[in-house]
Amino acid sequence: MDTIHVSASKQYDVLIGEGLLDRSGELTRKVVRPCKCVIVTDDTVDELYGDRVQISFSYSGFEVTRFAFPAGEASKSLDTLAGLLNAMGEAGLSRSDLVVALGGGVVGDLAGFAAAIYARGIRFVQVPTTLLAAVDSSVGGKTAVDMPFGKNMVGAFHQPELVITDTDVLRELPALQLSNGSAEAIKCGLLNDPALFSLLEGGDWLGQIDEVVARCVAYKRDVVAADEFDTGSRALLNLGHTFGHAIESCSGLTVLHGQAVGIGMLMACAAARCPEAMILRLAACLRSNGLPTHCDYGASALARAALSDKKRAGGTLTLVLPEEIGRCRLEKIDVATLPACFERALAAQEALGL
Ligand code: MG
Numbered sequence: 040m041d042t043i044h045v046s047a048s049k050q051y052d053v054l055i056g057e058g059l060l061d062r063s064g065e066l067t068r069k070v071v072r073p074c075k076c077v078i079v080t081d082d083t084v085d086e087l088y089g090d091r092v093q094i095s096f097s098y099s100g101f102e103v104t105r106f107a108f109p110a111g112e113a114s115k116s117l118d119t120l121a122g123l124l125n126a127m128g129e130a131g132l133s134r135s136d137l138v139v140a141l142g143g144g145v146v147g148d149l150a151g152f153a154a155a156i157y158a159r160g161i162r163f164v165q166v167p168t169t170l171l172a173a174v175d176s177s178v179g180g181k182t183a184v185d186m187p188f189g190k191n192m193v194g195a196f197h198q199p200e201l202v203i204t205d206t207d208v209l210r211e212l213p214a215l216q217l218s219n220g221s222a223e224a225i226k227c228g229l230l231n232d233p234a235l236f237s238l239l240e241g242g243d244w245l246g247q248i249d250e251v252v253a254r255c256v257a258y259k260r261d262v263v264a265a266d267e268f269d270t271g272s273r274a275l276l277n278l279g280h281t282f283g284h285a286i287e288s289c290s291g292l293t294v295l296h297g298q299a300v301g302i303g304m305l306m307a308c309a310a311a312r313c314p315e316a317m318i319l320r321l322a323a324c325l326r327s328n329g330l331p332t333h334c335d336y337g338a339s340a341l342a343r344a345a346l347s348d349k350k351r352a353g354g355t356l357t358l359v360l361p362e363e364i365g366r367c368r369l370e371k372i373d374v375a376t377l378p379a380c381f382e383r384a385l386a387a388q389e390a391l392g393l
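When the letters of the sequence shown are read in order and numbered with our numbering, they come out as residues 40 to 393.
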């Protein structure tokens, strides 16, 4: 088992290893004394792992209730949040009790936000069950729900007490889920870790998934320690996301987050005028991980979608521009130049046959 210690406004460990799901209660008890807890999950994950986690927490002395909502991004809403808060109230949770987020990014964001605001903030534990959540959203304390006017527009910074990642669970994921999560891992490689990028390039890294997750979490730990509240360098983690969110939103969320971020990273390389060989290397890496490289939307539609993105601050927007594999920089651009930026990226992609 790998332990990565995060030092933010709260100190906590991220545990990564095989067979941790059935030990989740025992591992949690080392940092949270047994209390009431609500396991929050979606119906897909509930069916697969809900009983095992409930048994583990009950066995370790926690008084457990379970709340499962329909799987999918559409559930990351104020409605689901209200249902969850009511369930927590009915279960009699107090300030000293616990939320356990068992699932992917939607579950972690929603359950984390409920924990952030219930009784003005209670503790929570993340048990990510998707690669995307394991390498990205479960670490760093960002929680939120989506609003009609934008993704993640209402939320809070609220760090977990503990993150428990069972890599056996990740190995059992359907190919599409693994592929979707691999985009955020490729992002970490492109941002900071050429060795990780090389490992992912082959597309055949399932045997080293513990290492992949640990490398991503270690990087995220460093970024969060430097800029927990996202006022500066944490923006690096948005690599591919300005373009990616625009693609997601143009597709009506039919393009998955990781797929969109993959294409977004290619567009960021093109916008940064990276060498052709580097862009093609990234494209090959995405393809070998089952990710698309072609953007189906035009520059003006993408720019419109991007400008409703929350990362816009006043008349400027910060882009993450790759320089080489393992190094990127931040650049503030005038939002007025964004459509031209999309056009340049799309043109470069087309020229490269992507
Ligand atoms: Mg992301």
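For every residue, glycine included, the Cβ atom is placed at its ideal position computed from N, Cα and C.
- Relative to Ser99, the option among Leu278, Val84, Leu325 and Val71 whose CA is nearest is Val71.
- Residue environment for Leu245: exposed (fewer than 16 other C-beta atoms within 10 angstroms of its C-beta).
- Between the alpha carbons of Leu356 and Pro314 lies a gap of roughly 24 Å.
- When beta bridges are read from the DSSP output, Gln165 appears opposite Ala140 and Val202.
- DSSP, reduced to helix, strand and coil, places Asp85 within a helical segment of the structure shown.
- When DSSP states are grouped into helix, strand and coil, Pro361 belongs to the strand group.
- One Cα belongs to Gly242, the other to Glu102, and the distance between them is close to 42 Å.
- When the Cα atoms are used, Asp81 and Pro331 turn out to be separated by approximately 27 Å.
- For Arg366, the secondary structure class from DSSP, reduced to helix, strand or coil, is strand.
- Fewer than three beta-carbon pairs drawn from the stretch 107-122 and the stretch 195-211 are found closer than 8 Å, and the two stretches are therefore not classed as touching.
- In the DSSP assignment, Phe106 falls outside any alpha helix (DSSP H) and within the unbroken beta strand (DSSP E) covering Glu102 to Phe108.
- Val84 is positioned such that its CB atom lies closer than 7 Å to that of Thr168.
- When the beta-carbon positions are compared, Leu137 and Cys74 come within less than 7 Å of each other.
- Fully contained in the stretch 170-218 are the following beta strand (DSSP E) runs of length 3 or more, in chain order: 181-186, 189-196 and 201-205.
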